[in-house]
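Novice: Per our numbering: the sequence shown ends with 802, consecutive numbering throughout.
One structure is given below, represented as structure tokens, and several questions about it will come after.
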Amino acid sequence: MLSAPWHSAAHLQPRAILSRAISQSASRPTSATLGLFVPTRRAVFSTANETEGRTAPRDPFVFEDHTEDYTNVIQETPVRPLSTMSLIEARLPPILPKPSAGDMSIFEDPLASDYASSSVSHGYTPSSLLQTFSQLVFAKRFDEAYNFLMEIQSSGLEIPMSHLWELPAQAVTTTPSFDLETMLSRFTVWFNMVPPKHMEDLPRRFRRSRRLIFQSAHANIPVAIRFSLILASKGYATSVSPDAIPFIMRFAPPAVSARFLKDFEKADMDYQRAHSSPSAFARSRTLLVEHVRGPAVDVLARSNHLQEALSLLPRSDEPAFRLSIRTYDLLLSRLRQSKNADIAKCIPFVEALRQNTIYSTFVGPDRRLKNQSTEADITSSTDLQALEMEVNPGSEAYIGHELAAELRSLINAVQSSSTFPPTATVVAFLEKYFETGRAAAIIRLRRVALDANVSCGSLFLQAEMTYYLAQDLPILALKAFSDHFFIAGVPHDEVAAALNHFQPNRSRDNVDEHKHPAFAAIQSKSMRKLWPARAHCNLIWQALVKLTPTDEGVSKLYNSLIHFLSLNADTTSTDTSFLRSPHWPSFKVGPAVFTPFMQRLISPAHPECCPEFVRDMTRFGIVPTVHHFTQVGGFYASVDDTQRAFMVMDTLEKEHPVSTPESMLEVRKKGWRKGEAVPRPDVIFYTSMLRGFVIAKNPGGATEVVRRFKKRYVYERGQHTPMDDAMADLHRLQEDIKNQTTQWQIRGGGVA
51 MLSAPWHSAA
61 HLQPRAILSR
71 AISQSASRPT
81 SATLGLFVPT
91 RRAVFSTANE
101 TEGRTAPRDP
111 FVFEDHTEDY
121 TNVIQETPVR
131 PLSTMSLIEA
141 RLPPILPKPS
151 AGDMSIFEDP
161 LASDYASSSV
171 SHGYTPSSLL
181 QTFSQLVFAK
191 RFDEAYNFLM
201 EIQSSGLEIP
211 MSHLWELPAQ
221 AVTTTPSFDL
231 ETMLSRFTVW
241 FNMVPPKHME
251 DLPRRFRRSR
261 RLIFQSAHAN
271 IPVAIRFSLI
281 LASKGYATSV
291 SPDAIPFIMR
301 FAPPAVSARF
311 LKDFEKADMD
321 YQRAHSSPSA
331 FARSRTLLVE
341 HVRGPAVDVL
351 ARSNHLQEAL
361 SLLPRSDEPA
371 FRLSIRTYDL
381 LLSRLRQSKN
391 ADIAKCIPFV
401 EALRQNTIYS
411 TFVGPDRRLK
421 NQSTEADITS
431 STDLQALEME
441 VNPGSEAYIG
451 HELAAELRSL
461 INAVQSSSTF
471 PPTATVVAFL
481 EKYFETGRAA
491 AIIRLRRVAL
501 DANVSCGSLF
511 LQAEMTYYLA
521 QDLPILALKA
531 FSDHFFIAGV
541 PHDEVAAALN
551 HFQPNRSRDN
561 VDEHKHPAFA
571 AIQSKSMRKL
581 WPARAHCNLI
591 WQALVKLTPT
601 DEGVSKLYNS
611 LIHFLSLNAD
621 TTSTDTSFLR
631 SPHWPSFKVG
641 PAVFTPFMQR
651 LISPAHPECC
661 PEFVRDMTRF
671 GIVPTVHHFT
681 QVGGFYASVD
691 DTQRAFMVMD
701 TLEKEHPVST
711 PESMLEVRKK
721 GWRKGEAVPR
731 PDVIFYTSML
741 RGFVIAKNPG
751 GATEVVRRFK
761 KRYVYERGQH
771 TPMDDAMADL
781 HRLQEDIKNQ
791 TTQWQIRGGG
801 VA
């Protein structure tokens, strides 16, 4: 048996183990430790000698039992455990070759297509990035889009110019959470990606962007300047100048506006020089200067910044351009009114420019582009034709003889240079017209007035707002104001809050919109915002008081008014709220703004408010009118404070003594006399005092008021109904007191 080759354990078993290990290493995956487990004979029979007397285990590699013949061989020939490293070493040559300096890679070939580098050239953006970026903008995820844009640009890539990027720029201007620096930075990044004019098939108008920047309720001067300069650098200077120049020149400080004009003209010149022929460049430069300088001189002259206006006039060392005769006349008028001797010396120079046809023209400085003029003419013509239908007796829209005559008068007034009708006349027409249930003529008449000139539009809106307040529709006064004026001179937050509450709750307003036709007349917005006059601001303060339900809220609103007045009085104030609103060098309100506050806050529970109102008005240089003295004197009389009531009366009467009584009708025709530090006591003042004492059941005080009233005025029944009623109330009070005294005496006599 020992001669059989497969029975030779000494020769077979080590070879079998090695071959089996190699085959296993080739067939199974390498483990994490890269070790191959191959059992040795010493490991297989490690317990053979430890268990003497037991039956020896069978060797799994042979068919015979273990005997002493095998033991001697095993002890003399130990088996070395195999490992991965030993297998690798067996295959390696004795000396490894030196590595090639030209090929440093070990596992891959750098020339293979899988590892070929795909270089990206500068200015090229992969389509996947552009698609992702566009999707963020379309989804209005502008913050994410901005951050993504910053990453793209920091990588040296560029986004193609497109008008799509105007959307996030517009969103920046309406994000109140941004501070001014962040707003300017983001707006500049987005709007610089808008294509210039020479890359467009048709020139764009940027209507929505212009409306958001120049017509927003909360205008932002720095953003307006940045927007205008970017458009000028892209070839759109003449398109944006009709809005930008009046806005920035009027609201920005003179130094800022002067710098803006230089930058604006330079930006357009650089663009025209690069994209126009020399002859076209000269023509476009002259056209731009006329578009810029004319409105700028107009605004500066109206604002009494005469030195700055003079600096913009044509000079002999500059290319010639022309300003309108009207602009020169306005500037000359302000120069003649000026008390500055140095300014007055410039009058002959301006007159010479006006007479020279090289520098003057009859065309207005606010002329528009051809397509703008056509659009305005079409709208105005359509409105006038519709208005003519309402005054034409043969038309189905005829409104009747009396109303037609009044409407015809208003149409002629807004179309001519004649004096605009008084506010009371327009208010009376509005009342009669709205009573017919119509509203169309009001919308059309408003548009015609706004298109005619600023003065007509402003006066018409003043009359419209006055009517709304008289009809107890304060929310419509706010709506008309916000649609056509910059929110300046009034608290922005309160106005915005009232309008935001009105929009989703129109059906729950005090007056049902379906019952009052005035609600149908508010759907008209002017293309350009106007600057509110003192009268408009007074009306808005009055509307806010009416819309405030609690006295506590009215008190807070009054504190806001005092805060605004304090900022104007204190030139050293560090308040920066003006940065986010149009610059108004002097915040002015009329004395009428105090009247609604006095009516709401003066009460028997707070008698101390009376002197506070008068003291605040005096502190800010506002002269109280007879209406305020009427309010204060009537209140003191109603609470039977005889001393203070007659103190108010003495203040007015001593300033305006009379020797003989005057007719009530004649004095009413004269009205209030301008320049009086203390107003004259009128019939309404005495009526309020008389009614106050009647309420307090003080016949003695009331009788004294009547005596002093008849000393100043000739009293005739029927000339002033409120006074007639107050006299009748006094007579009844005297009769009641007389009857009570008689009854008391009778009861007293009976008891005696």
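Backbone N, C-alpha and C define an ideal beta-carbon position, used for all residues, glycine too.
Considering Cα atoms alone, identify which of HIS656, PRO582 and GLY539 is closest to GLU602.
Specialist: Nearest option by C-alpha distance: HIS656.
Novice: Would MET739 pass as a contact of ALA695 if the rule is Cβ separation under 8 Å?
Specialist: MET739 is a Cβ neighbour of ALA695, given a cutoff of 8 Å.
Novice: With a threshold of 8 Å on Cβ separation, who are the neighbours of GLU703 within its own chain once the five nearest residues in sequence on each side are excluded?
Specialist: PRO731, ARG758 and ARG762
Novice: Quick one: using the 10 Å Cβ neighbour count with 16 as the cut-off for buried, is LEU381 buried or exposed?
Specialist: buried
Novice: Tell me, which residues are paired with SER861 by DSSP?
Specialist: Absent from the structure is residue 861, since the part of the chain shown begins at 51 and ends at 802.
Novice: Suppose the cutoff is 6 Å on Cβ atoms and the five residues either side in sequence are ignored; what does the same chain contact list for PRO304 look like?
Specialist: HIS355 and GLU358
Novice: Comparing alpha-carbon positions, which option in MET714, ARG496, GLY487 and ARG650 lies nearest GLY768?
Specialist: MET714
Novice: Express the C-alpha separation of LEU262 and ALA324 in angstroms, rounding to a whole number.
Specialist: 30 Å
Novice: Here's the rule I'm using: 16 or more other beta-carbon atoms within 10 Å means buried, otherwise exposed. How should ARG300 be labelled?
Specialist: buried
Novice: Quick check: ARG260 and VAL222, are their CB atoms within less than 8 Å of each other?
Specialist: no
Novice: Taking 6 Å as the limit between beta carbons, can you name the residues of its chain near ILE138, skipping five residues before and five after?
Specialist: none
Novice: Secondary structure at PHE670, three-state DSSP: helix, strand or coil?
Specialist: coil
Novice: At a cut of 8 Å, does the region 506-517 reach the region 232-244 through at least three beta carbon pairs?
Specialist: no
Novice: DSSP state of THR411, grouped into three classes?
Specialist: strand
Novice: If you drop the 5 nearest sequence neighbours on each side, which residues of the same chain put their C-beta closer than 8 Å to that of LEU362?
Specialist: LEU311, ARG343, ALA346, VAL347 and LEU350
Novice: Apart from the five residues just before and just after TRP215, which ones in its own chain have a Cβ nearer than 8 Å to its Cβ?
Specialist: VAL187, ILE209, TRP240, PHE241, MET243 and VAL244
Novice: Taking Cβ to Cβ, would you say ALA520 is nearer than 8 Å to VAL476?
Specialist: no
Novice: How far does the alpha helix (DSSP H) with ILE298 in it extend, from its first residue to its last?
Specialist: First-last of the alpha helix (DSSP H) with ILE298: 287-301.
Novice: Just confirm the distance between the C-beta atoms of ALA484 and ALA568, as a whole number of angstroms; I'd bet it's less than 8 Å.
Specialist: In the sequence under discussion, the amino acid at residue 484 is Phe, which differs from the Ala named in the question. Going by Cβ atoms, the distance from PHE484 to ALA568 rounds to 6 Å, so yes, they are a contact pair.
Novice: Name the one or two DSSP bridge partners that LEU146 has.
Specialist: Looking at the DSSP assignment, LEU146 forms no beta bridge with any residue, so it has no partner.
Novice: Can you list, in chain order, the residues of its chain with a C-beta nearer than 8 Å to that of SER610? Leave out the 5 residues immediately preceding and following it.
Specialist: PRO541 and GLU544
Novice: Are the CB atoms of LYS606 and ILE572 nearer to each other than 8 Å?
Specialist: No; because the gap between Cβ atoms is not below 8 Å, this pair is not in contact.
Novice: Which residues does DSSP pair with LEU373 in a beta bridge?
Specialist: SER410
Novice: In whole angstroms, give me the CA-to-CA distance for GLY751 and PRO707.
Specialist: One C-alpha to the other measures close to 21 Å.
Novice: Do the CB positions of SER410 and ILE375 come within less than 8 Å of each other?
Specialist: Contact check for SER410 against ILE375 passes: the beta carbons are separated by less than 8 Å.
Novice: Which word fits ILE492, buried or exposed, when buried means at least 16 other C-beta atoms lie within 10 angstroms of its C-beta?
Specialist: buried
Novice: Hey, would you say ALA282 sits closer than 8 Å to PHE297, going by beta carbons?
Specialist: no
Novice: Just to check my reading of the structure: GLN512 and HIS586 have Cβ atoms closer than 8 Å, yes? What is that Cβ distance to the nearest angstrom?
Specialist: 6 Å
Novice: Return the Cβ separation of PHE314 and LEU279 in integer angstroms, given the expectation that the two are a contact with Cβ distance under 8 Å.
Specialist: 6 Å
Novice: Kindly indicate which three-state DSSP category LEU523 falls into: helix, strand or coil?
Specialist: coil
Novice: Using a Cβ-Cβ cut-off of 8 Å (strictly less than) and excluding sequence neighbours within five positions of GLU712, which residues of its own chain qualify?
Specialist: Hits under 8 Å: ARG762, TYR763 and VAL764.
Novice: Ordered along the chain, which non-local residues of its own chain (more than five positions away) have a Cβ less than 7 Å from that of GLY487?
Specialist: Beyond the five residues adjoining it in sequence on each side, GLY487 comes within less than 7 Å, by CB distance, of PRO567 in the same chain, given in chain order.
Novice: Leaving out five residues before and five after GLU705 in sequence, what residues of the same chain have Cβ atoms less than 7 Å from its Cβ?
Specialist: Cβ within range, chain order: VAL728.
Novice: Looking at the structure shown, is LEU580 part of a helix, part of a strand, or coil, going by DSSP?
Specialist: strand
Novice: Return the bridge partner residues of SER205 from the DSSP annotation.
Specialist: None, per the DSSP bridge assignment.
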